[in-house]
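Novice: Residue numbers (the working numbering), protein chains in the order written: chain A, 1398 to 1597; chain B, 1398 to 1597; chain C, 1398 to 1597; chain D, 1398 to 1597.
Can you keep this structure in mind? I'll have questions shortly.
Number of protein chains: 4
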Amino acid sequence: MGRKSLATERRKQILRGAASLFIRKGYLNTSVRDIAGELDMNVATLYHYVGSKNGILGLFHEYTMNAIDFFSKKYRAVLEKMEPARALKYAVSEYLKWVEEYQDLTVFWYQEAKNLSPAQFKALKMQEECTIQIFQTILERGIKSGKFKVKDPALAANNIVVLCDMWAFRRWLLKERYTLEQYISEQMDLIMAQVSRSGR
Amino acid sequence: MGRKSLATERRKQILRGAASLFIRKGYLNTSVRDIAGELDMNVATLYHYVGSKNGILGLFHEYTMNAIDFFSKKYRAVLEKMEPARALKYAVSEYLKWVEEYQDLTVFWYQEAKNLSPAQFKALKMQEECTIQIFQTILERGIKSGKFKVKDPALAANNIVVLCDMWAFRRWLLKERYTLEQYISEQMDLIMAQVSRSGR
Amino acid sequence: MGRKSLATERRKQILRGAASLFIRKGYLNTSVRDIAGELDMNVATLYHYVGSKNGILGLFHEYTMNAIDFFSKKYRAVLEKMEPARALKYAVSEYLKWVEEYQDLTVFWYQEAKNLSPAQFKALKMQEECTIQIFQTILERGIKSGKFKVKDPALAANNIVVLCDMWAFRRWLLKERYTLEQYISEQMDLIMAQVSRSGR
Amino acid sequence: MGRKSLATERRKQILRGAASLFIRKGYLNTSVRDIAGELDMNVATLYHYVGSKNGILGLFHEYTMNAIDFFSKKYRAVLEKMEPARALKYAVSEYLKWVEEYQDLTVFWYQEAKNLSPAQFKALKMQEECTIQIFQTILERGIKSGKFKVKDPALAANNIVVLCDMWAFRRWLLKERYTLEQYISEQMDLIMAQVSRSGR
DNA sequence: AATGAATGAGAATTCATTCAT
DNA sequence: GATGAATGAATTCTCATTCAT
């Protein structure tokens, strides 16, 4: 561990403190002083590592990108080897578990993406499209093999992702009616119906 | 138009100016001075009509509530008299047109509902549930008549509404690929598949 | 009753409303709108009768002056005809009752006299000196007749007035220990001792 | 002098500037900008040290408390060893000198105590009662030794303190008639008469 | 690397007062 | 005589950021 890793460590610290506050209070409602306070860190020290408030959002952005990327990378290979129907079920289930784990992140970006720089915004959208792509690929394989019947697999993939994200951004409604397992099970039915050749 | 209507007129003016800025820059990023400036109105004059910045959000909230309410009221009666499949198609199509017309509103509240007072938040959610209810009712009628096959019509209705709202909050993605008509058509297929007795 | 008396009536109304608020919240903490609100009167109407916020204080000032003046005038003649010791006791007792009745006024001016115009301030002080003069005259008569022994009757008179006013401005302390009657009785002893030829 | 003392120094500076303005114009008539202006200090810098306008009043409050406390502590021990009559004279004389030195403070709190928080108000009153207690103790010792004759020493002590404070809050009247020395001398006579066994 | 101090700009809100009707 | 509307100036306070040490 040399010079570099202290900086890295500090930035991780800042990210953790900021994330907690951003999620609790929103980006604009969180002041740089709040973040420094949360970490018992001097404001100027914080600036030493991040450059600006937007830089902190950048850290959080990067973290999110990694979390999404991790999901894509983890499952792409696995799914390729599965039969389409099973792959789709598996992917939906795993993605919903991911959404559950990172629900705060999901909600946060639905609300605060507008505070990103255009470049950051674009990057986030691209990452999201990667996730969509996973589902789209499965669907296309299913269509080719005659298992699925979908006219517009891109849109269907989009739908799937949004319906999973919904678990996060409608939690006030859904959590009082379903457990995650129930939600996975019910939503799976509807999603499969959307793409299957004939009813269920 | 008497005494009362100047105040009403002014409040409408404020609502328009504020809405435009809120949508462009977000609620927290819009200052009361910004709004007054946009309207060439003295800040104190503005306060004469609204009481507080949150009061302005309240105006916008009320406006939104009315817009949603109008939709519910307009279609509820009509839909009751239609055969379920037709009713669903018609409802989806009309709701998507509504989302197109009020896309800014839809996006805004997905992002800024957290700035509402608890009471206002609750009211908004209840209004949303009314919209969902419209779809749920159609689905239930369809299930009873054997036309539809859905295990959880509440969730299916939710899905439909979210997939329509998606036209607003994913416009950056969807608008470059579809016209509204295309989107209606494609999404309709997927939605119908989700609920129909046997594929499509 | 013609034009004039409406104005007079209005001003009385304003005085009452303002007095109540000034006493409750202090002069600077009371806004002209507060006063108008208290009276269900339009702000501009209020201004029609008073000219400025300070004008309202002027009304209150005038009212106070009259209240003090009334006391002076009421007792001066009576006291002249009494034997000094009895006169002093009677004057102290009556003045304390006056302080009790107008305690809010007394406290108010101890605190807010600084907001008066120099002329108003001077007038108030002169009125106060009239009250002091009542006591001073009694003392001087008593000294002449050999009943009292006071080197500096002006100061002694001052003391008496302040010790009576104290019932108002230290009420937080005194009211929890004494009733007005007890206070009159106890303070009388001390005051008489201050001026009597030989203790009590 | 280390890190800490700059903050302390600054706060002292602020206290001095604020005190001067508070006394000249009153608490509510003094704006935070006024204070910052008086000190050639940026408003935000001022806030860095005090937190709020009320915090500045708190500084002033604390300062006053210390000034009063200093008086109590300085004389309590000394007075205990003196014979009651001498002790009383000495205490009155010293307290009047204290009032002369801190007349602005005395006047200020008679007028502005209402702007304190309940807790601060209570603390101030308790401190005042300590001062009263000094006189009360002397009186009680005098009564026990047969030197003094007072029915209600608590009230007599109160009177003494108020008559001394009067030198501050009636200065507009008294200063044009007496020097401090004269006032001490004259008032002493009256006070001693109030408590002595038999005239003077 | 770390920090206390400093600051200009700007936030929401309130006020006493005026004026046209 | 009464009133709703209008306003410029001022209020307290917060913020992201920089700098000297």
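C-beta atoms are modelled at their ideal positions from N, C-alpha and C, and glycine is treated no differently.
Taking Cβ positions, are D/V1504 and D/T1528 nearer each other than 7 Å?
Specialist: Result no, Cβ atoms of D/V1504 and D/T1528 do not sit closer than 7 Å.
Novice: Checking contacts by CB at 7 Å: is A/L1412 closer than that to chain B?
Specialist: no
Novice: If we count the other Cβ atoms within 10 Å of its Cβ and call it buried at 16 or more, is B/N1457 buried or exposed?
Specialist: Position check: residue 1457 of chain B holds Phe in this sequence, whereas Asn was assumed. Looking at its Cβ environment, which holds 16 or more other Cβ atoms inside 10 Å, B/F1457 is buried.
Novice: Looking only at C-alpha atoms, which of A/G1452, A/F1468, A/A1484, A/V1592 sits nearest to A/K1548?
Specialist: A/V1592
Novice: Which of the three DSSP states, helix, strand or coil, is assigned to B/S1593?
Specialist: Taken through DSSP and simplified to helix, strand or coil, B/S1593 comes out as strand.
Novice: Quick one: give me the first and last residue of the alpha helix (DSSP H) that B/L1521 is part of.
Specialist: From DSSP, the alpha helix (DSSP H) with B/L1521 extends over 1515–1541.
Novice: D/M1563: which of D/L1502, D/E1537, D/Y1472 sits nearest, CA to CA?
Specialist: It is D/L1502.
Novice: Are there three or more Cβ pairs, one per stretch, closer than 8 Å when the region 1467–1479 of chain A is compared with the region 1528–1541 of chain A?
Specialist: A contact between stretches requires three or more CB pairs, one per stretch, nearer than 8 Å, and the region 1467–1479 of chain A meets this requirement with the region 1528–1541 of chain A.
Novice: Measuring only between beta-carbons, confirm whether B/V1429 sits less than 7 Å from chain A.
Specialist: no
Novice: To the nearest angstrom, how far is it from the Cα of B/Y1580 to the Cα of B/Q1500?
Specialist: So the two alpha carbons sit approximately 14 Å from each other.
Novice: Of the residues A/K1494, A/Y1575, A/G1434, which one's Cα is nearest the Cα of A/I1418?
Specialist: Looking at the sequence itself, residue 1418 of chain A is Leu, so the reference to Ile does not match. A/L1418 has its Cα closest to that of A/G1434, out of A/K1494, A/Y1575, A/G1434.
Novice: Candidates B/A1510, B/K1544, B/N1451: which alpha carbon is nearest A/W1569's?
Specialist: B/A1510
Novice: Write down every uninterrupted run of the alpha helix (DSSP H) in the region 1413–1451 of chain A whose length is 4 residues or greater and which is fully enclosed by it, in chain order.
Specialist: If we require 4 residues or more, the alpha helix (DSSP H) runs fully inside the region 1413–1451 of chain A come out as 1429–1435, 1440–1447.
Novice: Given this structure, state the Cα-to-Cα distance separating B/Y1575 from A/L1552, to the nearest angstrom.
Specialist: When rounded, the separation of the alpha-carbon atoms in B/Y1575 and A/L1552 is 10 Å.
Novice: Do D/P1550 and D/Q1533 come within 7 Å of each other at the CB atom, strictly closer than that value?
Specialist: yes
Novice: Can you give me the C-alpha to C-alpha distance between D/I1588 and D/E1537, rounded to a whole angstrom?
Specialist: The straight-line gap from Cα to Cα measures roughly 15 Å.
Novice: Which residues of the region 1520–1541 of chain A have a Cβ closer than 8 Å to any Cβ of chain B? Give them in chain order.
Specialist: Going along the region 1520–1541 of chain A in chain order, one finds K1522, E1526 with a Cβ nearer than 8 Å to chain B.
Novice: Mind checking who C/F1633 pairs with in its DSSP beta bridge?
Specialist: This structure cannot settle anything about residue 1633 of chain C, because the visible part of chain C is limited to 1398 through 1597.
Novice: Compile a chain-ordered list of the residues in the region 1473–1503 of chain A whose CB is closer than 7 Å to at least one CB of chain B.
Specialist: Those would be none; no residue qualifies.
Novice: Determine, using beta-carbon pairs with one atom in the region 1471–1481 of chain A and one in the region 1439–1450 of chain A, whether at least three such pairs fall under 8 Å.
Specialist: Contact annotation: the region 1471–1481 of chain A does not touch the region 1439–1450 of chain A, with fewer than three C-beta pairs closer than 8 Å.
Novice: Could you spell out where the alpha helix (DSSP H) holding A/N1512 opens and where it closes?
Specialist: No alpha helix (DSSP H) holds A/N1512; DSSP gives it neither H nor E.
Novice: With 7 Å as the threshold, decide whether the Cβ of C/E1583 is near any Cβ in chain D.
Specialist: yes
Novice: State the CB to CB distance for the pair D/I1411 and D/L1436, rounded to an integer number of angstroms; the pair is presumed to be in contact (CB under 8 Å).
Specialist: Right, their Cβ atoms sit about 7 Å apart.
Novice: What residues in its chain sit with their C-beta under 8 Å from that of C/S1490, if we drop five residues either side in the sequence?
Specialist: Within the same chain, and ignoring the five residues on either side of C/S1490 in sequence, the residues whose Cβ sits closer than 8 Å to its Cβ are I1581, M1585.
Novice: How about D/K1572: is its C-beta nearer than 7 Å to some C-beta of chain C?
Specialist: no
Novice: Quick one: residues in its chain with C-beta nearer than 8 Å to the C-beta of A/A1404, no 5 flanking neighbours on either side, listed in chain order?
Specialist: Y1446
Novice: Examine chain D for any beta-carbon lying closer than 7 Å to the beta-carbon of C/Q1508, and answer yes or no.
Specialist: yes
Novice: How about C/L1577: is its C-beta nearer than 7 Å to some C-beta of chain D?
Specialist: no
Novice: I'd like to know whether the C-beta atoms of D/N1556 and C/L1560 end up nearer to each other than 7 Å.
Specialist: yes
Novice: What separation, rounded to the nearest whole angstrom, lies between the Cα atoms of A/R1408 and A/V1440?
Specialist: The straight-line gap from Cα to Cα measures roughly 13 Å.
Novice: I want to see whether chain D comes within less than 7 Å of C/M1438, judged by CB atoms only; does it?
Specialist: no
Novice: For B/K1541, which residues in the same chain have their Cβ closer than 8 Å to its Cβ, ignoring the five residues on either side in sequence?
Specialist: Answer for B/K1541: no residue qualifies.
Novice: Quick one: what does DSSP say A/R1408 is sitting in, helix, strand or coil?
Specialist: helix
Novice: Consult DSSP for B/Y1499 and reduce its assignment to one of helix, strand or coil.
Specialist: coil
Novice: Judging by CA-CA distance, which residue of B/R1567, B/E1477, B/N1463, B/V1429 is the nearest neighbour of B/M1523?
Specialist: B/N1463
Novice: In three-state DSSP terms, what is B/T1576?
Specialist: DSSP, reduced to helix, strand and coil, places B/T1576 outside both helices and strands of the structure shown, so it counts as coil.
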